[in-house]
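Each position in the sequence shown, counted from 1, maps to that position plus 59 in the numbering used here.
Here's the structure, in structure tokens; my notes come after.
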Amino acid sequence: MIRTSRSAAAEPAPKPVPRGGHPDREASEALAIEALGFVAADPELLQRFLALTGIEAADIRAAARQSGFLAGVLAFVAAHEPTLLAFAASAGRPAQTVLAAMRALPGGNTSFERST
């Protein structure tokens, strides 16, 4: 069956993770942007993100251009295991891919303890 729907053509397929399981920077940025959308779609999660980062909702676009912001988004998601698992399921990726993507981005080599 050939898909001809406009929405299927408009959305590019997610970039595959290279064989070693370590996403490249472009794939990591795409996953972080997807994670930001996931956070923004949940009002409670968004409020927690804004409170922890000190960023105002109106300033997210400007903040996203700063080095380390996208790694920070993935670190926020990864720091809370239920959020990590929910995002990974939503993105159709293993949780380990989210962590590998975080480490592939500038500022993403941060160690942290996950909360439950």
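C-beta: ideal position from N, C-alpha, C; glycine also.
By how many angstroms is the C-alpha of residue j removed from the C-alpha of residue i?
i: I114; j: A121; result: 10 Å
i: S87; j: R107; result: 23 Å
i: A150; j: R162; result: 18 Å
i: I92; j: P82; result: 14 Å
i: A148; j: A154; result: 8 Å
i: L144; j: R84; result: 22 Å
i: Q125; j: I119; result: 10 Å
i: A134; j: A117; result: 21 Å
i: G127; j: L164; result: 7 Å
i: R152; j: T112; result: 25 Å
Can you tell me whether residue i is buried or exposed, with buried defined as 16 or more other CB within 10 angstroms of its CB?
i: A69; result: For A69, the predicted model reports a pLDDT of 45, less than 50, meaning its position is unreliable and no value from the coordinates is stated.
i: E103; result: exposed
i: A100; result: exposed
i: P73; result: Because P73 sits at a pLDDT of 48, beneath the cut-off of 50, its placement in the model cannot be relied upon, and the following sentence gives the value as read from the coordinates. With fewer than 16 Cβ atoms within 10 Å of its Cβ, P73 is classed as exposed.
Am I right that residue i and residue j are in contact with their C-beta atoms under 8 Å? What's the rounded C-beta distance?
i: F146; j: V132; result: Not confirmed; about 10 Å, so no contact.
i: A130; j: G167; result: 3 Å
i: V157; j: L90; result: 7 Å
How far does the alpha helix (DSSP H) with residue i in it reach, from first residue to last?
i: I114; result: Note, I114: premise wrong, no alpha helix (DSSP H); not H, not E.
i: S87; result: R84 to A99
i: L133; result: F128 to A137
i: Q155; result: A154 to A163
Under three-state DSSP, which class holds residue i?
i: G166; result: coil
i: Q106; result: helix
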